[in-house]
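Asker: Could you have a look at this structure, given as structure tokens, before my questions?
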Amino acid sequence: MKKIKSISIGNIKYKNIEINSEKNNIIKKIIFLIVESIILFGGIFTYYFYFSPFKETFINLNIHPYIIIIALIAIRYGNYLTLISSTIASGFFIFSYYLLDKDIIIFFNDFSHYKFLLMFYITGIFIGKVKDDHTDKINTLTKKIEILEENYDKLRDTFDKNEFIKKELKKQIITSEESIFSLYEIANSMEKLDSEEVFTEIIGVIIKFLKAKTVSYYTLNNYKNFLRLKIRYGNNFTLPSSIDIKHEKFSYLKNIIENRSYYKISNNNNDTPIMSAPIIAGNEILGIINIEELDFEYTTEYTFNLFKIIIDWTNNALEKAENYKLASEGKVKIEKYYKNTKIYKKEYFNKRVLLEEERKIKYNLNYIILECKNNLNFSILEIEEKFRKVIRDVDILGYDEDKKIISILLPATNIKYLDIIKERIESKLDSELVVYHAK
Numbered sequence: 001m002k003k004i005k006s007i008s009i010g011n012i013k014y015k016n017i018e019i020n021s022e023k024n025n026i027i028k029k030i031i032f033l034i035v036e037s038i039i040l041f042g043g044i045f046t047y048y049f050y051f052s053p054f055k056e057t058f059i060n061l062n063i064h065p066y067i068i069i070i071a072l073i074a075i076r077y078g079n080y081l082t083l084i085s086s087t088i089a090s091g092f093f094i095f096s097y098y099l100l101d102k103d104i105i106i107f108f109n110d111f112s113h114y115k116f117l118l119m120f121y122i123t124g125i126f127i128g129k130v131k132d133d134h135t136d137k138i139n140t141l142t143k144k145i146e147i148l149e150e151n152y153d154k155l156r157d158t159f160d161k162n163e164f165i166k167k168e169l170k171k172q173i174i175t176s177e178e179s180i181f182s183l184y185e186i187a188n189s190m191e192k193l194d195s196e197e198v199f200t201e202i203i204g205v206i207i208k209f210l211k212a213k214t215v216s217y218y219t220l221n222n223y224k225n226f227l228r229l230k231i232r233y234g235n236n237f238t239l240p241s242s243i244d245i246k247h248e249k250f251s252y253l254k255n256i257i258e259n260r261s262y263y264k265i266s267n268n269n270n271d272t273p274i275m276s277a278p279i280i281a282g283n284e285i286l287g288i289i290n291i292e293e294l295d296f297e298y299t300t301e302y303t304f305n306l307f308k309i310i311i312d313w314t315n316n317a318l319e320k321a322e323n324y325k326l327a328s329e330g331k332v333k334i335e336k337y338y339k340n341t342k343i344y345k346k347e348y349f350n351k352r353v354l355l356e357e358e359r360k361i362k363y364n365l366n367y368i369i370l371e372c373k374n375n376l377n378f379s380i381l382e383i384e385e386k387f388r389k390v391i392r393d394v395d396i397l398g399y400d401e402d403k404k405i406i407s408i409l410l411p412a413t414n415i416k417y418l419d420i421i422k423e424r425i426e427s428k429l430d431s432e433l434v435v436y437h438a439k
């Protein structure tokens, strides 16, 4: 309701400005007309009474010059304003009668004299009415032309869109066989047993097959109320690196998570992605993938449907990866992590770094590795407890038991924030971090 009120107030203000402007124009016209009438009628009056020997003929002229002036004023100003001019002319005429020592009472009783006043008003009203009708007709026709031009522009726009759709459909028909092979290639590329590899692959698939220019993947935190950037490709971003979905601005993302629905932009709002979808493994929402930039020619229902197919296959691939992980959970945990922790052993940490390097090469996605020496001989569980408090959910911990080096991998992290991150972690841990890698 607040938005509606503010819009209404804005419109009222705008209308008031228009009304005031129109009033000012009318006042200016009236003032100019009065001045113009006084000068013209006064000029003729002065000529006859001060420069001509025929004073008395002024009130008896058969074609009175005042009638000619009133006719010209009526053509210029229209019906209503000419009444003012006719009144001024009548005033000069009666004053002339008075200066000739005539009886004013006789003037209003003698038709041969007061007929001139009637002629002034009738001439002004008749010619003014003709002028006003002509002006109204011109205005009506002008508005009709404007409406026709507007309708023509709309029809032209619709025609251009239809032509574009026709061309797109032709392309789709021509490349239908190629599309079948493309879909097969997409399905094949998703056959991964590691969820991180699936995430890396999905970005490339969307870029290649949907011609997306900017794509991002955000992970959802455990409380299901916050999204953090994990992978992004492209330069024109519409979303920040961290998103609080409780904020009204991101209500569409909250709706995607709650309803497990797909999103497609429905207006020209530059603050939202063009397409978004939930990434689901099994029954759990892991995050949201977004197409943030896409050329207009590819923003079609066909692209949106293909996007949905790709996401469905991604979710199936993630479910397989999760099932594989669960089936071999004991073995994977023993191999990858230190017991009862999510801290990677050095070998597997290095493999995870290689995956981040692949994302860097493919999508120009920065990442940072920080390291510090375990000088205080913290146990593995103590390292887990202390470091998890100061790093993000998406950050990876690794530990080299032989060299006693703790490593932190910060995916999708801009190098310009390096000093701030380093200082924040050091202040909480009372340990000095070394930048092992930042690019």
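Residue 439, in the UniProt record's numbering, is where the sequence shown stops; the numbers in between run on with no holes.
Ideal placement from N, C-alpha and C gives every residue a C-beta, glycine not left out.
(1) Per DSSP, what kind of secondary structure is tyrosine 262 in: helix, strand or coil?
(2) Pull up the distance between the alpha-carbon of proline 65 and that of alanine 71, whole angstroms please.
(3) With lysine 230 as the anchor, note down where its alpha helix (DSSP H) starts and where it stops.
(4) Can you tell me whether leucine 286 is buried or exposed? The criterion is at least 16 other CB atoms within 10 Å of its CB, across all chains shown.
(5) Threonine 219 and glutamate 292 - do their beta-carbons sit closer together than 8 Å?
(6) Specify the secondary structure class of tyrosine 223 as computed by DSSP and reduced to three states.
(7) Note down the Cα distance separating glutamate 177 from threonine 303, rounded to an integer number of angstroms.
(8) If phenylalanine 45 sits next to phenylalanine 92, beta carbons under 8 Å apart, how far is it from one beta carbon to the other, in whole angstroms?
(9) Mind checking aspartate 110: buried by the 16 CB within 10 Å criterion, or exposed?
(10) According to DSSP, tyrosine 97 sits in a beta bridge with which residue or residues?
(11) Ordered along the chain, which non-local residues of its own chain (more than five positions away) have a Cβ less than 7 Å from that of valine 394?
(12) By how many angstroms is the C-alpha of isoleucine 67 removed from the C-alpha of methionine 119?
(13) Thinking proline 273 and asparagine 290 are a contact (beta carbons under 8 Å), I'd like their distance in whole angstroms, please.
(14) What's the call for tyrosine 152, buried or exposed, on a 16-neighbour Cβ count within 10 Å?
(15) Just how far apart, CA to CA, sit isoleucine 421 and isoleucine 406?
(16) At 4 residues or longer, and completely inside the segment 285-362: list those alpha helix (DSSP H) runs for me, N to C.
(17) For isoleucine 59 versus serine 96, is the C-beta distance shorter than 8 Å?
(18) How do the segment 204-212 and the segment 298-314 stand: do at least 3 beta-carbon pairs fall below 8 Å, yes or no?
(19) Measure the C-alpha to C-alpha separation of lysine 336 and leucine 370 and round it to an integer number of angstroms.
(20) Between Gly398, Leu381, Asn375, which lies nearest to tyrosine 348 when the distance is taken from Cα to Cα?
(21) Given a cut-off of 8 Å on the beta-carbon distance, is the pair alanine 281 and glutamate 248 in contact?
(22) Is the beta carbon of asparagine 366 less than 8 Å from the beta carbon of lysine 360?
(23) How would you write the range of the beta strand (DSSP E) that serine 407 sits in, first residue to last?
(24) Can you find the residues in the same chain that come closer than 6 Å, C-beta to C-beta, to asparagine 236, ignoring five residues on each side of it along the sequence?
(25) So what does DSSP say about threonine 272, is it helix, strand or coil?
(26) With C-beta atoms as the reference, is alanine 74 less than 8 Å away from lysine 154?
(27) Which whole-angstrom value is the C-beta distance of valine 49 and leucine 99, which I expect to be below 8 Å?
(28) Going by DSSP in three states, lysine 389 sits in which element: helix, strand or coil?
(29) Is serine 86 near glycine 124, with beta carbons less than 8 Å apart?
(30) Using the Cβ count rule (16 or more neighbours within 10 Å means buried), how would you classify threonine 413?
(31) For the beta strand (DSSP E) containing glutamate 371, name the first residue and the last one.
(32) Looking only at its own chain, which residues have a Cβ that is under 7 Å from the Cβ of lysine 2, when we skip the five neighbours before and after it?
(33) Assuming contact is defined by CB atoms lying nearer than 8 Å, are glutamate 384 and lysine 346 in contact in what I supplied?
(34) Taking isoleucine 396 and threonine 314 to be in contact with their CB atoms under 8 Å, please state how far apart those CB atoms are, rounded to whole angstroms.
(35) Evaluate threonine 158 with the Cβ neighbour count: other Cβ atoms within 10 Å of its Cβ, from every protein chain shown; 16 or more gives buried, anything less gives exposed.
(36) Per DSSP, which one or two residues make a beta bridge with serine 242?
Answerer: Per the coordinate set shown:
(1) Here tyrosine 262 sits in coil by DSSP.
(2) Going from the Cα of proline 65 to the Cα of alanine 71 covers about 10 Å.
(3) Element bounds for lysine 230: not the alpha helix (DSSP H) but the beta strand (DSSP E), 226-233.
(4) By the neighbour-count rule (16 or more Cβ atoms within 10 Å), leucine 286 is buried.
(5) If you check the CB distance, glutamate 292 and threonine 219 do not come in under 8 Å.
(6) Secondary structure of tyrosine 223 (DSSP, three-state): coil.
(7) Any reading at glutamate 177 needs caution, since the residue's pLDDT is 45, under 50, leaving its predicted position unreliable; the model's value is listed next. Straight-line spacing of the CA atoms in glutamate 177 and threonine 303 works out to 17 Å.
(8) Between phenylalanine 92 and phenylalanine 45 the Cβ distance is about 5 Å, and since that is below 8 Å, they are a contact.
(9) The residue in question, aspartate 110, is exposed, as its Cβ has fewer than 16 Cβ neighbours within 10 Å.
(10) Note: tyrosine 97 sits in no beta bridge, so no partner.
(11) So the qualifying residues of the chain are Thr219, Arg228, Lys230, Pro411.
(12) In a straight line, the C-alpha of methionine 119 is about 7 Å away from that of isoleucine 67.
(13) Right, the Cβ-Cβ distance comes to about 4 Å (below 8 Å), so this counts as a contact.
(14) Under the 10 Å beta carbon count, tyrosine 152 is surrounded by fewer than 16 other beta carbons and is classified as exposed.
(15) Cα atoms of isoleucine 421 and isoleucine 406: separation of roughly 16 Å, rounded to the nearest angstrom.
(16) Counting whole runs of 4 or more residues, the segment 285-362 contains the alpha helix (DSSP H) stretches 301-327, 329-336.
(17) A contact, by the Cβ cut-off of 8 Å.
(18) In short, these stretches touch, since the Cβ pair count reaches three.
(19) The alpha-carbon atoms of lysine 336 and leucine 370 are separated by roughly 20 Å.
(20) Nearest in C-alpha terms to tyrosine 348, of all of Gly398, Leu381, Asn375, is Gly398.
(21) For alanine 281 and glutamate 248, no; Cβs fall outside 8 Å.
(22) Cβ distance < 8 Å, so asparagine 366 and lysine 360 count as in contact.
(23) 405-410 is the extent of the beta strand (DSSP E) around serine 407.
(24) The residues are Thr214, Glu293.
(25) Collapsing the DSSP output to three states places threonine 272 in coil.
(26) No, they are not a contact pair.
(27) The question names valine, yet the displayed sequence has phenylalanine at residue 49. Yes, they are in contact, since the Cβ atoms of phenylalanine 49 and leucine 99 sit about 7 Å apart, within 8 Å.
(28) If DSSP states are grouped into helix, strand and coil, lysine 389 belongs with coil.
(29) A contact, by the Cβ cut-off of 8 Å.
(30) Classification of threonine 413: buried, given that the 10 Å Cβ count is 16 or more.
(31) In the DSSP assignment, glutamate 371 falls within the unbroken beta strand (DSSP E) covering 368-373.
(32) With a pLDDT of only 33 at lysine 2, under the threshold of 50, the placement of this residue in the model should not be trusted, and no figure is reported.
(33) In this structure, glutamate 384 keeps its C-beta atom at 8 Å or more from the C-beta atom of lysine 346.
(34) Actually they are not in contact, since the Cβ atoms of isoleucine 396 and threonine 314 sit about 22 Å apart, beyond 8 Å.
(35) Around the beta carbon of threonine 158, a 10 Å sphere encloses fewer than 16 other beta carbons of the protein chains shown; the residue is thus reported as exposed.
(36) Beta-bridge pairing links serine 242 to Arg228.
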